[in-house]
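K.L.:
Residues in the sequence shown are numbered consecutively from 23, following the numbering used here.
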Amino acid sequence: MRGLWPPFLVIIIVSFMFVSAVYCASLLHLERAFPLNNHGLELHQLRARDRLRHARLLQGFVGGVVDFSVQGSSDPYLVGVTGTSETLLYFTKVKLGSPPREFNVQIDTGSDVLWVCCNSCNNCPRTSGLGIQLTFFDSSSSSTAGQVRCSDPICTSAVQTTATQCSSQTDQCSYTFQYGDGSGTSGYYVSDTLYFDAILGQSLIDNSSALIVFGCSAYQSGDLTKTDKAVDGIFGFGQGELSVISQLSTRGITPRVFSHCLKGDGSGGGILVLGEILEPGIVYSPLVPSQPHYNLNLQSIAVNGQLLPIDPAAFATSNSQGTIVDSGTTLAYLVAEAYDPFVSAVNAIVSPSVTPMTSKGNQCYLVSTSVSQMFPLASFNFAGGASMVLKPEDYLIPFGSSEGGSAMWCIGFQKVQGVTILGDLVLKDKIFVYDLVRQRIGWANYDCSLSVNVSVTSSKDFINAGQLSVSSSSRDIMLFELLPLTVMVFLMHILLLEFQFL
């Protein structure tokens, strides 16, 4: 009998490892800060806002499945934007510390680090025009908070940028992030518990948690000090090792992929998932390697099925040009070599039926009927044979009605030099999947008010996510599903004790 125990024990251990290899998933809810409908803002104000954003991007700003609630909007008018500051788009909530406290943080695919305001922060807003209560992180009131010391590998890692510093007096690993518009934040890294609702198999497990490293902002300057659209911090979704995506996936808690679906109408919101949304219509294009942002290889543009006369070299990726997918940009920006042919093609198709006009330097049209009936489809064609089909509402912005009942619509694309940036004007109402393992981005048109299917294991199990509610019955089911795992752990313990005495 003694010879039979080791193989049996190996089987138990392997089975246990297989069961525990299932990824968790979490869900976040998005809210919208503003929709693309006219409430008084001019395009030049939106461009000014995005210019500040792009200065950050070009500087290389540092920075199972989890479902986050999404708030905010692609509409820059919803919250009464009147200035040219770094305006808020979509944001979500995260729970940090013990006991957990909730923080509203902007969703930012252009930076890596999650940071929130410290309770001792200087120049940090104390109120918000978004109607939310601002929260400040206090490490002394959290029983699980820890200091990241200078000797910590996170602080000394070669992957960190020059923004990471070290204070010999406090032995704290600190940072300074500078924005291109002159605003910025500085603070120090802390480790503490992040709470989330995880999906394991077909079940939702409440109050899952993981220890992560994030920034505690002690000082802010410039537009970050303004109160009109203030939130508690920024949630960076870049590829760096300090991003939450990288931290959780490195420990096998979530897959190294995240997805979002941003609502473009109504009150906004949407779905944000640390995991892979699965939809039959998703097409993928490979990421350009070794880039600090999510760069794709745009190859051509077609209007009404006709390719535009654009030299592909205009889209080639380099230090000063390329095509970036950025959820933090309001509009969309086309290099001049593509913008001019695009507008000319649209004008040629709609001019017999609408009245082209120029309003404050923008190409606009007086339209007496639905734009979807009058304006052509556009197609952005990327490497790998992936096309992004844009409806008229994906490249036009409404600017109210004029005399006679006609509505004025303007081209939302802006002419720039160097870098093409696809912002929320074209990202909204689509599923976007950022697959960092396979180094690709996928997308598909979708009604983001609906729930989505998410892969929670490598075998492509599905769960309906996005509009989750947990009933007592579902919790009971979850306990029954976890029971075999508990029995297996107990059996393993008994067998190990038995094996010692054989």
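Yeah, the Cβ is synthetic: ideal placement off N, Cα and C, and Gly gets one too.
(1) In chain order, what residues of the same chain have a beta carbon less than 8 Å from the beta carbon of Ser-495, not counting five sequence neighbours either side?
(2) Determine the extent of the alpha helix (DSSP H) in which Glu-359 is found, giving its start and end residues.
(3) Give the list of continuous beta strand (DSSP E) stretches no shorter than 3 residues that lie fully inside the stretch 388-437.
(4) Per DSSP, what kind of secondary structure is Gly-168 in: helix, strand or coil?
(5) Rounded to whole angstroms, what's the CA-CA distance from Phe-484 to Gln-343? Just pull it up for me.
(6) Leaving out the 5 sequence neighbours to the left and right, which residues in its chain are closer than 6 Å to Gly-119 when beta-carbon positions are compared?
(7) When burial is assigned at 16 or more other CB atoms within 10 Å of the CB, is Met-410 buried or exposed?
(8) Three-state secondary structure (DSSP) at Gly-119?
(9) Name the DSSP bridge partner or partners of Asp-457?
(10) Could you compute how far the alpha carbon of Ile-433 sits from the alpha carbon of Ser-375?
(11) Per DSSP, what are the beta-bridge partners of Thr-272 in this structure?
(12) So what's Leu-447 in DSSP terms, helix, strand or just coil?
(13) Pro-398: buried (16+ other C-beta within 10 angstroms of its C-beta) or exposed?
(14) Taking 8 Å as the threshold, find out whether the stretch 120-127 comes into contact with the stretch 153-170 through three or more Cβ pairs.
(15) Leu-270 to Phe-125, Cα distance in whole Å?
(16) Assuming Val-393 and Val-325 are in contact, meaning their beta carbons sit under 8 Å apart, how far apart are those beta carbons, in whole angstroms?
(17) Report yes if the CB atom of Asp-348 is closer than 8 Å to the CB atom of Ile-443, and no otherwise.
(18) Looking only at DSSP bridge pairs, what is Cys-238 linked to?
(19) Assuming Asp-240 contacts Cys-386 under a Cβ cut-off of 8 Å, what Cβ separation, rounded to an integer in Å, is found between them?
(20) Am I right that Val-305 and Ala-408 are in contact with their C-beta atoms under 8 Å? What's the rounded C-beta distance?
(21) Leaving out the 5 sequence neighbours to the left and right, which residues in its chain are closer than 6 Å to Tyr-456 when beta-carbon positions are compared?
(22) Find the nearest neighbour of Asp-460 within the set Asn-145, Ser-173 and Gln-261, judged by alpha-carbon distance.
(23) Using DSSP's beta-bridge definition, name the partner residues of Phe-337.
(24) Residues bridged to Cys-386 by DSSP?
(25) On the premise that Ser-243 lies in contact with Gly-209, defined as a C-beta separation below 8 Å, what is that separation, rounded to the nearest angstrom?
(26) Using DSSP with H/G/I as helix, E/B as strand and the rest coil, what is Thr-178?
(27) Any idea what DSSP makes of Thr-442, helix, strand or coil?
(28) Output needed for Cys-177: all residues of its chain with C-beta closer than 8 Å, excluding positions within five of it in sequence on either side, in chain order.
(29) Please report the Cβ distance between Thr-272 and Gly-297, rounded to the nearest whole angstrom; I am assuming they are in contact, meaning their Cβ atoms lie under 8 Å.
(30) What number of angstroms, rounded off, separates the C-alpha of Asp-134 from the C-alpha of Pro-363?
(31) Just the C-alpha distance for Val-531 and Ser-91, rounded to the nearest angstrom, thanks.
(32) Quick check: what's the CA-CA separation for His-282 versus Thr-391?
(33) Have a look at Phe-158 and Val-372 and give me their C-alpha separation to the nearest angstrom.
(34) With distances taken from CA atoms, which of Thr-345, Ser-289, Leu-300 and Val-138 is nearest Gly-440?
P.N.:
Put simply:
(1) Any reading at Ser-495 must be qualified, since the residue scores a pLDDT of 30, below 50, and its modelled position is unreliable; the value itself is stated next. Closer than 8 Å at the Cβ level, and outside the excluded window around Ser-495, lies no residue.
(2) 358-372
(3) 400-404, 408-412, 418-423 and 429-433
(4) strand
(5) Its pLDDT being 40, under 50, Phe-484 is placed unreliably by the model, and the measurement read from it follows with that caveat. Rounded to whole angstroms, Phe-484 and Gln-343 show a C-alpha spacing of 39 Å.
(6) Ser-164 and Asp-214
(7) Counting every other CB atom within 10 Å of its CB across the protein chains shown gives Met-410 a total of 16 or more, marking it as buried.
(8) coil
(9) Val-279 and Arg-462
(10) 17 Å
(11) For Thr-272, which the question treats as bridged, DSSP gives no partner whatsoever.
(12) Of the three classes helix, strand and coil, the one that applies to Leu-447 here is helix, per DSSP.
(13) buried
(14) yes
(15) Rounded to whole angstroms, the gap between the alpha carbons of Leu-270 and Phe-125 is 19 Å.
(16) Contact doesn't hold; Cβ gap of about 14 Å is too wide.
(17) Yes; because the gap between Cβ atoms is below 8 Å, this pair is in contact.
(18) Val-138 and Tyr-210
(19) Reading off the sequence shown, one finds Ala at residue 240, where the question assumed Asp. So it is not a contact: roughly 46 Å between Cβ atoms.
(20) 4 Å
(21) So the list reads Phe-280 and Ile-463, once near-sequence residues are dropped.
(22) The sequence shown places Arg at residue 460, rather than the Asp named in the question. Considering only alpha carbons, the answer is Gln-261.
(23) Partner(s): none; Phe-337 has no beta bridge.
(24) The partner list for Cys-386 (beta bridge, DSSP) reads Met-379 and Cys-432.
(25) Contact doesn't hold; Cβ gap of about 12 Å is too wide.
(26) Looking at Thr-178 - three-state DSSP - the assignment turns out to be helix.
(27) strand
(28) Val-170, Arg-171, Thr-186, Cys-188, Cys-195 and Tyr-211
(29) At roughly 16 Å, the Cβ-Cβ gap does not stay under 8 Å, so Thr-272 and Gly-297 are not in contact.
(30) 35 Å
(31) Since the displayed the chain opens at 23 and closes at 524, residue 531 lies outside it and no answer follows.
(32) About 32 Å.
(33) When rounded, the separation of the alpha-carbon atoms in Phe-158 and Val-372 is 52 Å.
(34) Thr-345
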